[in-house]
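To keep things clear, I will list the structure first and then write my remarks on it.
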Amino acid sequence: MTRPPKNSGAPSLGAFTAGQLVRLCDVAGLSASDAEIYARILLEMLGPVADRPLSLPPPSASFLSDDHTPVEFSLAFLPGAPPALRVLLEPGADAADPAEGGRAGLLAVRAMARRWNFGTDRLDELEDLFFPSSPHGPFTLWCALELRPGGVPKVKVYLNPAASGRNRAAETVREALRRIGHRRAFAVLPQADGYPFFALDLGDWDEPRAKVYLRHDHLTAARAADLSRMRPGPDGRAVREFFQDVSGYADVTAPLGAGPLRAGRPGLTCHAFTDRAARTPTGFTLHIPVRDYVRHDRDALSRATTVLRRRGMEPTALRRALSAVTSRDPRDGVGLVAYLALAHQQGRPPRVTAYVSSEAYRVRPPVPATRERVPAVG
Ligand code: TRP
Numbered sequence: 049m050t051r052p053p054k055n056s057g058a059p060s061l062g063a064f065t066a067g068q069l070v071r072l073c074d075v076a077g078l079s080a081s082d083a084e085i086y087a088r089i090l091l092e093m094l095g096p097v098a099d100r101p102l103s104l105p106p107p108s109a110s111f112l113s114d115d116h117t118p119v120e121f122s123l124a125f126l127p128g129a130p131p132a133l134r135v136l137l138e139p140g141a142d143a144a145d146p147a148e149g150g151r152a153g154l155l156a157v158r159a160m161a162r163r164w165n166f167g168t169d170r171l172d173e174l175e176d177l178f179f180p181s182s183p184h185g186p187f188t189l190w191c192a193l194e195l196r197p198g199g200v201p202k203v204k205v206y207l208n209p210a211a212s213g214r215n216r217a218a219e220t221v222r223e224a225l226r227r228i229g230h231r232r233a234f235a236v237l238p239q240a241d242g243y244p245f246f247a248l249d250l251g252d253w254d255e256p257r258a259k260v261y262l263r264h265d266h267l268t269a270a271r272a273a274d275l276s277r278m279r280p281g282p283d284g285r286a287v288r289e290f291f292q293d294v295s296g297y298a299d300v301t302a303p304l305g306a307g308p309l310r311a312g313r314p315g316l317t318c319h320a321f322t323d324r325a326a327r328t329p330t331g332f333t334l335h336i337p338v339r340d341y342v343r344h345d346r347d348a349l350s351r352a353t354t355v356l357r358r359r360g361m362e363p364t365a366l367r368r369a370l371s372a373v374t375s376r377d378p379r380d381g382v383g384l385v386a387y388l389a390l391a392h393q394q395g396r397p398p399r400v401t402a403y404v405s406s407e408a409y410r411v412r413p414p415v416p417a418t419r420e421r422v423p424a425v426g
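Every number in the numbering used here is 48 more than the matching position in the sequence shown, counting from 1.
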């Protein structure tokens with residue numbers, strides 16, 4: 049009798065993440081048949097890495113998630129409805145280099161465009177900027193799918209402004225905006241410490257957006273509330289409150305200290321442009337990497353609960369979503385909730401987004417409880 053190969057018991061990356069996706073579809077109120085369609089799409093988009101057993105290391109040092117799983121989920125919450133489910137993924141995660149990764153990404157996007165019959169003109173116009181012959185890291189193309197009912201996702205593409213060189217990132221963003229018709233958009237963006245992502249909505253959107261993500265080192269609540277360039281802008285108090293609720297900034301007992309976002313990853317803002325005639329963006333989102341400002345995921349969940357309840361929403365779906373991706377106790381790790389975001393889009397109510405890690409490869413251990421810091425007296 050021959051023994052089965054050693055790895056045969058390990059699930060594949062595709063089976064693992066598709067299982068998570070199917071369970072999340074249920075949380076998001078999608079039908080079982082939509083879930084099945086979307087699971088198949090996820091496997092196709094991942095390509096050959098879908099078959100890779102999880103007993104092997106991640107296919108690459110993907111920067112998409114902390115443990116290098118090339119998949120991350122997110123849930124967008126609005127009052128009165130189940131959350132909208134999205135999946136972010138890196139096509140060609142096993143590429144030998146960023147150039148090959150970029151080619152795999154473009155092929156995957158163009159295959160979707162043919163399948164669902166949408167144009168890629170805006171992406172095509174930017175190819176030389178984001179896909180030079182030897183692109184710089186840390187990634188070349190990611191793709192996000194919004195899994196709406198009906199089995200046809202809405203598609204978003206994320207590009208790396210540093211692809212043509214880190215010192216050219218600002219210029220790359222300026223030129224990309226100009227080429228797609230937002231001639232004066234760059235000039236209205238607030239000051240930033242970096243340009244991590246440039247994103248395009250492709251396909252069937254009412255108002256396809258071009259989105260610029262900015263990095264802000266040592267962000268404070270007051271500064272965060274000052275970064276929107278929408279007219280009219282979001283309620284500054286709500287933005288400050290969100291920052292404080294998520295970062296623990298206002299809470300002097302927070303384990304990692306009160307103060308600006310300094311101890312971990314920086315805050316990001318995203319500025320969305322839809323109207324070419326308008327100079328100002330029509331969307332503003334604040335992203336806080338909550339995982340670096342909590343001890344474990346139960347704290348992250350409780351911060352999410354606070355921001356949801358403030359907006360009249362219950363955290364039940366988020367709790368269910370965490371159970372859909374993992375059976376571990378939220379206190380046994382940190383990073384399951386990667387970011388919490390507050391998104392404003394003109395003419396719509398603000399929404400809260402939670403980014404949920406797959407943890408296919410690794411769970412980051414919780415921060416050990418330290419002794420109570422006793423304020424010095426006298
Ligand atoms: N992992 C990267 C980061 O933490 C990129 C990323 C993944 C990201 N999901 C995100 C950035 C959601 C902002 C929001 O920065």
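All C-beta atoms, glycine included, are put in the ideal place defined by N, C-alpha and C. Here the structure is a predicted model, which means the values were calculated and not measured.
Check: With respect to the alpha helix (DSSP H) encompassing residue 394, which residues constitute its N-terminal and C-terminal limits?; Outcome: No alpha helix (DSSP H) contains residue 394, which DSSP labels as neither H nor E.
Check: At a cut-off of 6 Å, is residue 335 close to ligand 1 when judged by its beta-carbon and the heavy atoms of the ligand?; Outcome: yes
Check: Where DSSP assigns a beta bridge to residue 13, which residues make up the other side?; Outcome: A question about residue 13 goes unanswered here, because the residues of the chain that appear run from 49 up to 426.
Check: So for residue 249, helix, strand or coil by DSSP?; Outcome: strand
Check: Residue 223 lies in the alpha helix (DSSP H); which residues open and close that run?; Outcome: 217-227
Check: Under three-state DSSP, which class holds residue 92?; Outcome: helix
Check: Return yes when at least one heavy atom of ligand 1 lies under 6 Å from the C-beta of residue 120, else no.; Outcome: yes
Check: I want to check one thing, is the minimum distance from the CB of residue 243 to the heavy atoms of ligand 1 below 6 Å?; Outcome: no
Check: Tell me whether residue 409 counts as near ligand 1, meaning its Cβ is closer than 6 Å to at least one heavy atom of that ligand.; Outcome: no
Check: Using a Cβ-Cβ cut-off of 8 Å (strictly less than) and excluding sequence neighbours within five positions of residue 284, which residues of its own chain qualify?; Outcome: 273, 274
Check: Take residue 94 and list the residues in its own chain whose beta-carbon comes closer than 8 Å to its own, dropping the five residues that flank it on each side.; Outcome: 61, 62, 65, 118, 119, 137, 139, 141
Check: Could you compute how far the alpha carbon of residue 305 sits from the alpha carbon of residue 263?; Outcome: In this prediction, residue 305 has a pLDDT of 42, which is less than 50 and means its spatial position is unreliable; what the coordinates show is noted afterwards. Going from the Cα of residue 305 to the Cα of residue 263 covers about 21 Å.
Check: Just verifying my parser: in three-state terms, what is the DSSP assignment at residue 425?; Outcome: Its pLDDT being 48, under 50, residue 425 is placed unreliably by the model, and the measurement read from it follows with that caveat. Here residue 425 sits in coil by DSSP.
Check: Using the three-state DSSP reduction, which class does residue 302 fall into: helix, strand or coil?; Outcome: Low confidence applies to residue 302: its pLDDT is 48, below 50, so where it sits in the model is not reliable enough to give any reading.
Check: Quick check on DSSP: helix, strand or coil for residue 86?; Outcome: helix
Check: Based on Cα-Cα distance, which residue from 82, 182, 112 lies nearest to residue 408?; Outcome: 112
Check: For residue 317, tell me which candidate among 352, 340, 271, 410 has the shortest Cα-Cα distance.; Outcome: 271
Check: Is the beta carbon of residue 258 closer than 7 Å to that of residue 321?; Outcome: yes
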